[in-house]
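Worksheet for the structure shown next.
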């Protein structure tokens, strides 16, 4: 519309100027004369008529070429309009598909998303959402097909497609498949936070503590977890490594892992107990007896104390003397008295063992103290007293089980 107004306005101004020039020339006897000759042909006219003719001819040619240009661009405009309509429909389909997916209408969401994916400005979202919908309804083959198409049609979206695939494998507990995908993504971008996070989850499920240990520096650098969470993860990793080494019965591996544990992790309560317990379980308790005694002396811990009592020392008398040294600071500690009774029994000092165990039971009755005392009385031949101790141990154990059940069901 603006072009038409501009054209008519320009034409009107040009004609008005021409008539103005004609009026000006008409005041003279000779308003101007033009002669154009071509071969045997000649054209004779006034200057004003020629000017008006040229203006009109210019505008006629201008309109012709404008019309020609419009006709040439018409197919492209029709195509562009069609694409625009399809794009708008695909956007509406995307919104509808996301809503259906959120509402659990998986099959409906999948159909509408795939139908309009090729015309969308974001086909990747269509295929990834359709893949999730396919998995939710159990169509695993369709899921894999949509992921494959998403990867083919979005060459620069390897990370996005891979993460989606790995998440779906994890949700299906397909940990090996998830790990294969995540390793490829990790090779593409070693510092990608989401890849590291899923790798951590996958390795945890597989119990691969060594692998988690290797990615902790990258996780810390990429801020996948907060600093306190990283330290807790380190503690969990080293605990897992110590337990694995103990399960394999390799005390040298346990010691190697322990040497690599940072000091701030060693100071966390419970971590030293895992190391000492592992060494004792593999029959290497005598190798850590002195170290365990130092730990107890420096930082009193009843869990470590119980482990000290479980050590089969090469010198039980020395072990007993070490434990009795703690009596000065903790004379009424039931756990210490029970441990002393256990070591004294191992040293064949039955009278002393009985005294320690009886005092421990008097302060705080425990199943293990009753059992130790019952075994001691059996060795002495006092079967009636031994049976009474076994009965007390059984009653105490039954009561503990009942309380645990009550806490669970309560």
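In my numbering, the protein residues as written are 1028 to 1437. In this text, a Cβ means the ideal position worked out from N, Cα and C, and glycines have one as well. These numbers were taken from a predicted model, which means no experiment stands behind them.
*From residue 1415 to residue 1379, what does the alpha carbon distance come to, in whole angstroms?*
Roughly 20 Å between the two C-alpha positions.
*asked:* So, under 8 Å CB-CB, residue 1403 and residue 1372 are touching, yes? Tell me the CB distance rounded to an integer number of Å.
replied: 6 Å
*asked:* Could you give the first and the last residue of the continuous alpha helix (DSSP H) run that contains residue 1327?
replied: Unbroken run through residue 1327: none, as it is neither H nor E.
*Within 8 Å, strictly: CB atoms of residue 1186 and residue 1152*: no
*Report the three-state DSSP secondary structure of residue 1421 (helix, strand or coil).*
helix
_Can you tell me which residues form a DSSP beta bridge with residue 1069?_
Looking at the DSSP output, residue 1069 bridges to 1064.
*Can you say whether residue 1093 is buried or exposed, counting buried as having 16 or more other CB atoms within 10 angstroms of its CB?*
Exposed: under 16 other Cβ atoms inside 10 Å.
_Restricting to Cα atoms, I'd like to know which of 1230, 1272 and 1290 is closest to residue 1282._
1272
*Let me know the secondary structure DSSP gives residue 1220 once reduced to three states.*
helix
_C-beta atoms of residue 1188 and residue 1181 nearer than 8 Å_ = yes
*Would you be able to state if there are at least three C-beta pairs under 8 Å between the segment 1325-1339 and the segment 1359-1371?*
yes
*Helix, strand or coil at residue 1195 according to DSSP, with G and I counted as helix*: helix
*Length of the line joining the Cα atoms of residue 1289 and residue 1412*: 50 Å
*State the DSSP-derived secondary structure class of residue 1375, mapped to helix, strand or coil.*
coil
*Can you grab the Cα-Cα spacing for the pair residue 1331 / residue 1310, in whole Å?*
Going by C-alpha positions, residue 1331 is about 17 Å away from residue 1310.
*Please list the segments of the alpha helix (DSSP H) lying wholly inside the segment 1220-1307, counting only runs of 4 or more residues, in order along the chain.*
1220-1233, 1236-1248, 1254-1274, 1278-1287 and 1290-1293
*Helix, strand or coil for residue 1150 per DSSP?*
helix
*asked:* Only counting the same chain, and skipping five residues up and downstream in sequence, which positions put a Cβ closer than 8 Å to that of residue 1280?
replied: 1272
*So, is residue 1324 buried or exposed, given that buried needs 16 or more other C-beta atoms within 10 angstroms?*
exposed
*Are residue 1269 and residue 1302 close, meaning C-beta to C-beta below 8 Å?*
yes
*Alpha carbon to alpha carbon, what distance is there between residue 1219 and residue 1234?*
22 Å
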